[in-house]
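**Student:** Numbering (full-length UniProt numbering), first residue to last: 1 to 853.
Positions of the beta carbon are idealized from the N, C-alpha and C atoms, including for glycine.
Take a look at this one; I'll ask things after.
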Amino acid sequence: MKLLINEDWQLTSEPHYRQAADLWYVKQKEQDWLRTNLPCDVHMPLIEQGTIAEPLDADQCFASEWTENRSWWFKKTFVLTEEQLCSEQMLLQFDSLDVEADIWLNDCHLGHHRSAFYPFACDVKGKGQLGENQIFVRVTSGLEHYSENDLALIREAKVVYENEQIRHRGDHRRGMLRKPQYVWGWDWGPRVVTCGIMGEVSITCIHSFHIRDIHVTTTRLDAEDTAAYLQFQLELENLHPFQTLETELKLELLFMGDQVQIIQKDCCLRSGLNYVTIPMKVPDAKLWWPNGMGEQPLYVVRATLQTSTHVVEYPTFSVGIRTLQLNMDKIPESQEERSFTFEINGVSVFSKGGNWIPADAIYARVTDAKYKALLSEAKEANFNMLRVWGGGIYERDIFYDKCDEYGILIWHDFMFTCAKYPDHLAWFRDEVEREMDYQTRRLRNHCALALWCGNNENHWGFEEWWNETEAADFYGGAVCYNDIAPRIVQRNSPTIPYWNSSPYGGAHPNGTQAGDTHHWNDCMMHPDMERRITPEEYDKVTAKFVSEYGYIGPCRKASTAIYHNGQKLDRESKLWQLHNNIFEKDTVLAGINKHYVDTVHLEIDDYLLYAGLCQGFMLAYSLEAIRAKLFCSGALFWMYNDCWGEVGWSIIDYYATRKISYYFVKRALAPVKLLIREQDGMIQLTAINETSTVIRETLEYGLVYYDGSGMEAHEAEVELSPFSREVVLQWPSPSYPSREACIFIRALSESSEIMPAILHSEVFRNLNLPDPQLQVSNIQVIEPGLTRCTVSNKAFAHAVYFGLDETIQLSDEYFDLLPGEKRDITIRHGEIALIPDQIVPRSIILNHSEGGL
């Protein structure tokens with residue numbers, strides 16, 4: 001029996017000097033209480049009541065900084081019944097408290113809690129009373145507990161930024177706190193320091209026995225009879241201190257509502273904890289695959305435990321049947337290099353996708369609808385992996401449920417990033433151990449979970465950033481990543497691989513011989529601007545798995561206007577720079593200038609268009625370049641989503657609106673893909689087939705003139721094996737006028753969904769592109785809110801777009817069309833009215849004399 005206590009709370013604040021001993025004072029307080037529901041960051045009711053303005057709009061984040069310097073007090077009155085009070089155990093649980101908290105029930109101090117990353121739980125049997133009960137919680141953002149003396153060994157936290165526009169982001173003290181590290185500010189986010197009750201509060205009443213936990217693993221797949229072999233490990237508890245208990249356990253596996261297997265077992269429970277292991281054979285098993293490689297069937301597990309008088313049910317949950325391995329074998333051609341390849345059901349996976357950060361600077365207010373929207377958009381963009389970055393949070397259950405459903409593997413950092421951590425302190429190690437134990441148990445049944453990783457960039461920091469600092473020989477945090485984490489992962493989820501850090505592997509933590517690499521210094525973070533804005537630099541990648549790199553671009557105009565909150569869009573303003581990534585450093589303008597037009601006097605609409613295109617083709621080219629490296633097994637760009645509106649790394653903005661770059665990434669990550677590159681005087685075609693079926697195609701390849709006046713083409717028959725990535729065709733590089741023509745390859749069958757591959761020899765601003773004479777035809781309303789059309793052209797068209805409402809989702813946009821090509825486009829406009837006359841395709845035609853459209 002579970003009682004949720006999430007509604008009708010009240011909140012007030014006091015100075016920090018009102019400590020836990022001052023509960024009496026707060027209880028007497030009659031004024032200045034705000035009503036709220038949970039989860040609740042203290043910013044949320046303050047915004048709702050008009051006490052503060054929305055911190056993420058304009059420069060209003062500065063006006064709410066006072067909230068981090070107060071103590072915040074929650075109270076709640078609720079009712080307990082006689083039945084609840086008669087239970088053997090009454091477990092009061094706060095799923096997440098951010099961060100330093102004291103909790104009372106009926107004036108009884110239950111304890112102090114100092115982590116947002118695992119629950120506060122307490123048996124309150126004997127502390128509750130019939131009728132009304134009252135909970136009080138005091139919570140603070142946490143920094144007030146730590147002085148400069150506490151920071152003697154860890155003050156070199158890397159992420160601290162200051163300038164006139166952003167004022168101050170980052171805090172050297174953050175390493176002392178087990179809470180999201182990004183809330184102090186990052187290059188891509190403001191300082192909005194979270195504080196509050198961030199999850200559900202509940203009381204679970206337990207009568208004499210219960211099922212504490214179930215762990216499911218796939219132990220073996222049998223290819224001959226398509227059976228799968230599962231193992232269930234159940235943790236059962238008998239609360240009687242000195243008597244055994246006769247029970248019957250029933251374990252069911254269901255698929256689409258039908259019973260697949262049922263196992264019943266008599267269990268004599270000892271007092272306290274009992275462990276039961278049950279093997280199960282699943283005939284004709286439906287295997288779970290990553291997105292693009294197959295389906296994502298999910299089975300339902302149902303378990304009950306009963307005596308002659310009482311039945312308890314474990315909450316039903318879903319599992320996917322799949323095996324998982326991380327292949328780190330030596331690469332045959334080298335004695336020093338190793339693979340870093342995830343294998344699902346024995347098949348190698350090229351991991352493709354992006355890095356995930358919390359979806360709001362105030363993370364408690366992210367809705368289920370927003371999680372679903374962001375993750376469905378990742379699936380639509382052909383992602384098969386997201387990396388949960390170590391400066392954020394362990395996400396809510398819906399995040400992992402949707403990743404299971406959508407086939408998105410999860411590389412999961414533990415929550416440590418860009419700092420030394422005080423693991424020389426026993427209390428800190430204890431906190432980390434509780435956190436890791438809880439999260440690895442909580443998430444281990446998710447088929448999407450592919451890796452636990454110790455931290456973000458701290459091993460790299462040991463090597464490069466902190467090796468000449470005051471405490472250079474103190475590897476703060478290494479005990480967490482090198483001892484505690486691998487031990488707990490092995491104990492709680494031994495089938496999930498563990499990796500110490502990201503990046504990590506080889507002699508240098510950010511080397512390319514083994515493991516994963518953050519590919520920043522050779523491109524986007526290189527001091528030479530030309531290196532940052534030249535996509536061909538990514539053809540030089542030698543990493544075995546690229547887990548971070550990126551390129552910056554703006555939101556669309558409507559989103560940009562939202563966070564400007566009525567103020568003029570002016571790229572020279574302090575407000576624009578506040579919402580501009582710290583590492584941008586004129587890279588966006590340099591990219592526009594190189595690839596499209598001169599940037600002097602560039603209007604805001606043109607800036608947003610060209611900057612979006614630059615981010616798009618830089619990400620697309622780099623993803624394709626990395627996918628073409630047969631020795632490399634992953635490309636995760638930085639970053640997928642955003643926590644506020646800004647000119648930044650993401651391809652989908654804070655408002656869950658697609659940026660221009662979204663469409664480029666979607667095409668680059670297509671599960672069936674043709675990639676062409678020029679190398680050593682040869683044109684090389686790499687063909688990718690991530691599906692489980694053989695693909696046979698006739699390909700046309702060669703040279704095509706932009707004006708459609710002619711082509712020099714050949715044909716080749718190819719067969720692409722299932723789950724394959726290989727070079728299938730090479731031919732000598734032709735000599736041609738580079739401004740007038742390009743190299744291309746395309747599938748000839750009309751039913752083919754394989755997109756053409758195009759290789760230009762000049763930047764876009766140097767191409768002689770004529771009017772493509774775009775046309776739209778076959779406009780059909782498929783269903784309310786869904787329209788389909790066909791776009792065609794006479795000459796080459798670059799970046800075909802429609803200029804519709806920016807929240808409308810198209811199957812493709814900002815795409816190139818070869819002369820005479822057709823493309824079917826689906827327009828999902830929902831409740832937005834759309835008439836045929838609005839569907840007008842446009843493309844980029846540069847006026848070289850004036851440098852405009």
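(1) Tell me the DSSP bridge mates of D41?
(2) Between the region 217 to 224 and the region 245 to 261, can you find at least three pairs of beta-carbon atoms closer than 8 Å?
(3) Answer with buried or exposed for G710, where buried requires no fewer than 16 other C-beta atoms within 10 angstroms of its C-beta.
(4) Helix, strand or coil for G852, going by three-state DSSP, please let me know.
(5) Would you list the residues sitting across from Y275 in a DSSP beta bridge?
(6) Suppose you measure from the CA of I154 to the CA of A419; what does that come to, to the nearest Å?
(7) Check P15 in the structure and name its three-state DSSP category.
(8) Leaving aside the five residues before and after P279 along the sequence, list all residues of the same chain whose C-beta is less than 6 Å from its C-beta, in chain order.
(9) In terms of residue numbering, what span does the alpha helix (DSSP H) encompassing K370 cover?
(10) Which residues mark the beginning and the end of the beta strand (DSSP E) in which L786 is found?
(11) Can you check which of these residues, F617, Y394, F414, is closest to K594 by C-alpha distance?
(12) In the DSSP assignment, the alpha helix (DSSP H) including W576 goes from what residue to what residue?
(13) From the DSSP output, in three-state form, read off residue 856 for me.
(14) If you drop the 5 nearest sequence neighbours on each side, which residues of the same chain put their C-beta closer than 6 Å to that of S13?
(15) In whole angstroms, give me the CA-to-CA distance for S849 and N766.
(16) Would you call the region 322 to 339 and the region 354 to 371 in contact, with 3 or more CB pairs under 8 Å?
(17) Determine the DSSP secondary structure at W460, reduced to helix, strand or coil.
(18) Could you tell me which residues DSSP puts in a beta bridge with G476?
(19) Is it right to say L748 is buried, meaning 16 or more other beta carbons lie within 10 angstroms of its own, or is it exposed?
(20) Name, in chain order, the residues that DSSP records as bridge partners for Y538.
(21) For A797, I'd like the list of residues in its chain whose CB is within less than 7 Å of its CB, leaving aside the five on either flank, ordered along the chain.
(22) Looking at C-alpha atoms only, which residue of T807, K370, Q181, N274 is the closest neighbour of I398?
(23) Count the other CB atoms, across all protein chains shown, that sit within 10 Å of the CB of S147; report buried if there are 16 or more and exposed otherwise.
(24) So, under 8 Å CB-CB, Y706 and A799 are touching, yes? Tell me the CB distance rounded to an integer number of Å.
(25) Please report the straight-line C-alpha distance between Q233 and L46, rounded to a whole angstrom.
(26) Should L619 and F637 be called a contact, given that it needs their Cβ atoms to be closer than 7 Å?
(27) Buried or exposed: D95, going by 16 or more other Cβ atoms within 10 Å of its Cβ?
(28) Any contact between the region 110 to 125 and the region 163 to 174? By contact I mean 3 or more CB pairs, one from each, below 8 Å.
(29) If you draw a straight line from the C-alpha of S103 to the C-alpha of V541, how long is it?
(30) Have a look at A713, I408, L720 and flag the residue whose alpha-carbon is nearest the alpha-carbon of R696.
(31) Where D586 and D605 are concerned, what is the direct C-alpha to C-alpha distance, given to the nearest angstrom?
(32) Which same chain residues, not among the five before or five after L608, have their C-beta less than 6 Å away from its C-beta?
(33) What separation, rounded to the nearest whole angstrom, lies between the Cα atoms of S650 and E536?
(34) Using three-state DSSP, classify H412 as helix, strand or coil.
(35) Among residues of its own chain, excluding the 5 on either side of D437, which ones have a beta-carbon nearer than 7 Å to its beta-carbon?
(36) A668 lies in the alpha helix (DSSP H); which residues open and close that run?
**Tutor:** With the structure as the only source:
(1) G196
(2) no
(3) exposed
(4) Confidence at G852 is low in this model, with a pLDDT of 39, below 50, so its placement is unreliable and the value that follows should be read with caution. Looking at G852 - three-state DSSP - the assignment turns out to be strand.
(5) E235
(6) 7 Å
(7) strand
(8) Q231
(9) 368 to 380
(10) 786 to 792
(11) F617
(12) 574 to 578
(13) Within the shown structure, residues of the chain are numbered from 1 to 853, placing residue 856 beyond reach of any answer.
(14) R70, W72
(15) Annotation note: pLDDT 38 at S849 (below 50); position unreliable, coordinate value reported separately. So the two alpha carbons sit approximately 12 Å from each other.
(16) no
(17) helix
(18) DSSP, once it has assigned bridges, lists no residue as partnering G476.
(19) exposed
(20) Per DSSP, none; premise fails for Y538.
(21) P772, L774, D816, L817, S843
(22) K370
(23) exposed
(24) About 14 Å separates the two Cβ atoms, so there is no contact after all.
(25) 46 Å
(26) yes
(27) buried
(28) no
(29) With the sequence shown as reference, residue 103 is identified as Ile, and Ser is not the correct amino acid for it. Approximately 52 Å between the Cα atoms of the pair.
(30) L720
(31) 18 Å
(32) P554, K557
(33) 21 Å
(34) strand
(35) I488, N492
(36) 660 to 668
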